[in-house]
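Okay, structure first, notes after.
Chains as they are written, first to last, in this note's numbering: chain A, 358 to 640; chain B, 220 to 511.
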């Protein structure tokens, strides 16, 4: 009996240590997040006003906002997500429904996973060589969105494949047993059945690219003026924040904080909206 | 391994009492099936009488579902699965495409006489419908679930489609329960209703044969009874082949019953005789619960 209690005591000590360690790391992680959120909020909220959304970036010491950067970011992300969702969903569908078990399928999946963790600055350099120095010949919004798309594609591909593989085989068989072709079943039944998952794939991709700065420095460059031209350099929130945060001017720094808050808030808002849609659909 | 080998060389006593040949709508003859290199059906014969219910029984893994899945060639979804033999639907050989004939010749020699027949899979599956073990409603409205298959073959809409949908739901005895919520999702129905929805979906394209793979195994007793009533109503209009684990269900529903064992059709005959006076000891042991 005494041996049992000794063992029980040892177990309870180990258990306490383990639970404490888990709790501590959770507190550290969440604490860091809370600190980031707090400093964003306190330093950024002062810069949020009407001018922020109606005026483009100012010269130091004069009135202005981030309209050019906000517009640029919306264009860059929207275009990138169109590329990424089309390519990623189709690639993920191919992996899940057609070639996933072939040698080519395994190779594609492996390369996709490598791309998933590729440094974003490398992607920027690649697009710089491809589109900035060669095809287009100068910095452009198009190059920026292509760089962002390359970052988002592997996430969308991976998530799409995972989600489609979760759909029951019986559903596909039922469609084909009615005489439909495989492609028809995928489009009309499997995609529809996985709709909320595909939305999640898009959201994850968007969350990845929304704050990316490094690939944009080589591609869309940034633009101090308002522009919506796809073949010209375009401003974006991350590059503007990068420029303003490093500057010596207090008003620019304030704008940088406001921009950072904007990015965080929009990612949060889109995630919440996505979850609401998913929840609304499933209930 | 040694067990399997000894069983493979054992010659199986067989007793097949087929319905009159003129009444057959579908017939499997000497059918082998392979999952990759593993053979799971061995020279199976299955005569299916027109507009009657044929039940397939046997212990788990005996090949009932595999046999069913060859009849509409749904197994072809998976690479590596192969059927060799004859499956004759209204005089047309379902398996007689180029590769099928080559496999048949490789097995039976050059004397095989088969008319090549490039069976279009969509046509085959329109003529031979299938309902699965678990209900498989599509993620769309009840109405669209039924219309989905019809739209594959006919350009129909409006009142004409409404009529087809209603008729299919009535034949599956589901109409009264869903007529007020046709626009609601098929996923919102109960399990039993979903399964009858799947029956209705199959019936909507007017198949000659409907294959059911243990359709009641996921249903409660009341839903099962309703499904059985539905199937009984269909006798005389459509041919049904049903795989079931439930011997009573086979006895209640079917006009013909086949007993499968280790990938072979051991005994086949009229249901009444099959259960009251099985010809073979192995069948007798199974239907009296002595093994299984």
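Yeah, the Cβ is synthetic: ideal placement off N, Cα and C, and Gly gets one too.
Remember, it's a predicted structure, so these values are computed and weren't measured experimentally.
Identify every run of the beta strand (DSSP E) within the stretch 254 to 311 of chain B, keeping only runs that are complete inside it and at least 3 residues long; order them along the chain.
257 to 268, 272 to 276, 300 to 308
Output, in sequence order along the chain, the residues in the stretch 340 to 363 of chain B whose CB is closer than 8 Å to any CB in chain A.
340, 341, 342, 343, 344, 345, 348, 349, 351, 352, 353, 355, 357, 358, 359
Decide if residue 448(B) is buried, meaning its Cβ has at least 16 other Cβ atoms within 10 Å, or exposed.
Counted from its first residue, the second chain places residue 448(B) at position 229. Exposed, because fewer than 16 other Cβ atoms sit within 10 Å of the Cβ of residue 448(B).
Specify the secondary structure class of residue 628(A) as computed by DSSP and reduced to three states.
Residue 628(A) sits at position 271 when you count from the first residue of the first chain. If DSSP states are grouped into helix, strand and coil, residue 628(A) belongs with the helices.
Can you tell me whether DSSP reads residue 399(B) as helix, strand or coil?
The residue given as residue 399(B) occupies position 180 in the second chain. Residue 399(B): coil per DSSP, three-state reduction.
Contacts of residue 635(A) in chain B (Cβ-Cβ under 7 Å)
Walking along the first chain from the start, residue 635(A) turns up at place 278. Residues of chain B passing the Cβ test: none, with the nearest at roughly 14 Å.
Let me know if residue 434(A) comes out buried or exposed under the rule of 16 or more other beta-carbons within 10 Å of its beta-carbon.
In the first chain, the residue the question calls residue 434(A) occupies position 77. Answer is buried; the Cβ neighbour count reaches 16.
Establish whether the CB of residue 530(A) and some CB of chain B are separated by less than 7 Å.
Walking along the first chain from the start, residue 530(A) turns up at place 173. Answer yes: the Cβ-Cβ gap between residue 530(A) and chain B drops below 7 Å somewhere.
Applying the criterion that 16 or more other CB atoms from any shown protein chain within 10 Å of the CB defines a buried residue, is residue 491(A) buried or exposed?
As a position in the first chain, residue 491(A) is number 134, starting the count at 1. With fewer than 16 other Cβ atoms within 10 Å, it is exposed.
Residue 381(B) by DSSP, collapsed to three states: which one?
In the second chain, residue 381(B) corresponds to position 162, counting from 1. Residue 381(B): helix per DSSP, three-state reduction.
Can you list, in chain order, the residues of its chain with a C-beta nearer than 8 Å to that of residue 316(B)? Leave out the 5 residues immediately preceding and following it.
What you label residue 316(B) is simply residue 97 of the second chain in a count that begins at 1. Here the set comprises 335, 336, 337, 338.
Under 7 Å between C-beta atoms of residue 572(A) and residue 480(A)
Reading the first chain from its first residue, position 215 is the one you call residue 572(A). Reading the first chain from its first residue, position 123 is the one you call residue 480(A). The answer is yes: Cβ separation under 7 Å.
Inter-residue Cα distance where the pair is residue 304(B) and residue 439(B):
Taking the second chain and counting its residues from 1, one reaches residue 304(B) at position 85. Taking the second chain and counting its residues from 1, one reaches residue 439(B) at position 220. Distance between the alpha carbons of residue 304(B) and residue 439(B): 38 Å.
With DSSP collapsed to three states, give me the class of residue 421(B).
The residue you call residue 421(B) lines up with position 202 of the second chain. Correct three-state label for residue 421(B): helix.
In terms of residues, what are the limits of the beta strand (DSSP E) holding residue 349(B)?
As a working mapping, residue 349(B) is identified with position 130 in the second chain. Looking at the DSSP string, the run of the beta strand (DSSP E) that includes residue 349(B) is 347 to 350.
As assigned by DSSP and simplified to three states, the class of residue 458(B)
The residue you call residue 458(B) lines up with position 239 of the second chain. Of the three classes helix, strand and coil, the one that applies to residue 458(B) here is strand, per DSSP.
Which chain B residues sit within Cβ distance under 8 Å of residue 448(A)?
Your numbering for residue 448(A) matches position 91 in the first chain. What residue 448(A) touches in chain B: nothing, since even the nearest Cβ is about 21 Å away.
Would you say residue 472(B) lies against chain A (beta-carbon separation less than 7 Å)?
Counting from one through the second chain, the residue named residue 472(B) turns up at place 253. Taking Cβ atoms only, chain A never reaches closer than 7 Å to residue 472(B), which makes this a no.
Proximal residues of chain B, C-beta to C-beta of residue 550(A) below 8 Å
Here residue 550(A) corresponds to residue number 193 of the first chain, with the count starting at 1. Residues of chain B passing the Cβ test: 357, 358.
Taking the C-alpha atoms as reference points, what is the distance between residue 556(A) and residue 498(B)?
Here residue 556(A) refers to the residue found at position 199 of the first chain. Here residue 498(B) refers to the residue found at position 279 of the second chain. About 59 Å.
Between the stretch 285 to 319 of chain B and chain D, which residues of the former have a C-beta closer than 7 Å to a C-beta of the latter?
Here the protein chains are A and B, and chain D is not one of them.
Can you name the start and end residues of the alpha helix (DSSP H) that residue 446(A) belongs to?
Here residue 446(A) is taken as the residue at index 89 of the first chain, counted from 1. Counting along the chain, the alpha helix (DSSP H) containing residue 446(A) begins and ends at 424 to 450.
Cβ pair count under 8 Å reaching 3, the stretch 417 to 429 of chain B against the stretch 387 to 407 of chain B
yes
Using a C-beta cutoff of 7 Å, does residue 368(B) count as contacting chain A?
By 1-based counting over the second chain, the position of residue 368(B) is 149. Interface residue, yes.
Using DSSP with H/G/I as helix, E/B as strand and the rest coil, what is residue 471(B)?
Residue mapping note: residue 471(B) aligns to position 252 of the second chain, counting from 1. Residue 471(B): helix per DSSP, three-state reduction.
Using CA coordinates, which residue listed in 553(A), 609(A), 566(A) is at the minimum distance from residue 631(A)?
Here residue 631(A) corresponds to residue number 274 of the first chain, with the count starting at 1. The shortest C-alpha separation from residue 631(A) is found at 553(A).
Are residue 624(A) and residue 567(A) closer than 7 Å when you measure CB to CB?
Along the first chain, one-based indexing puts residue 624(A) at 267. Along the first chain, one-based indexing puts residue 567(A) at 210. Yes, the pair counts as a contact, with Cβ atoms nearer than the cut-off.
Contact with chain B by residue 461(A), beta-carbon distance below 7 Å
For the purposes of this step, residue 461(A) is taken as the residue at position 104 of the first chain. Taking Cβ atoms only, chain B never reaches closer than 7 Å to residue 461(A), which makes this a no.
Tell me, to the nearest whole angstrom, how far the beta carbon of residue 358(B) is from that of residue 550(A); I am working on the premise that it is less than 8 Å.
Residue 358(B) sits at position 139 when you count from the first residue of the second chain. Residue 550(A) sits at position 193 when you count from the first residue of the first chain. Residue 358(B) to residue 550(A), Cβ: 4 Å. Contact.
Residues that DSSP places opposite residue 245(B) in a beta bridge:
Here the question's residue 245(B) lines up with position 26 in the second chain. Paired residue(s): 267(B), 308(B).
Throw me the rounded Cβ distance for the residue 508(A) and residue 565(A) pair, which I believe falls under 8 Å.
Within the first chain, the letter at position 151 stands for residue 508(A). Within the first chain, the letter at position 208 stands for residue 565(A). That belief holds up - the Cβ atoms of residue 508(A) and residue 565(A) are roughly 6 Å apart, short of 8 Å.
Reducing DSSP to helix, strand and coil, say where residue 235(B) ends up.
Position 16 of the second chain, counted from the first residue, corresponds to residue 235(B). Reduced to three states, the DSSP call for residue 235(B) is strand.
Rounding to the nearest angstrom, what Cα-Cα distance links residue 342(B) and residue 475(A) in this structure?
Translated into the one-based positions of the second chain, residue 342(B) becomes position 123. Translated into the one-based positions of the first chain, residue 475(A) becomes position 118. About 48 Å.
Which residues in the same chain as residue 559(A) place their Cβ atom closer than 7 Å to its Cβ, once the five residues preceding and following it in sequence are excluded?
Stepping through the first chain from its first residue, residue 559(A) is reached at position 202. So the qualifying residues of the chain are 438, 442, 513.
Quick check on residue 224(B) - is its C-beta less than 7 Å from some C-beta in chain A?
Mapped onto the second chain, residue 224(B) falls at position 5. In this prediction, residue 224(B) has a pLDDT of 49, which is less than 50 and means its spatial position is unreliable; what the coordinates show is noted afterwards. No, because no Cβ of chain A sits closer than 7 Å to the Cβ of residue 224(B).
Where do the N-terminal and C-terminal ends of the alpha helix (DSSP H) with residue 338(A) fall, by residue?
Residue coverage of chain A in this structure runs from 358 to 640, which leaves residue 338(A) outside it and unanswerable.
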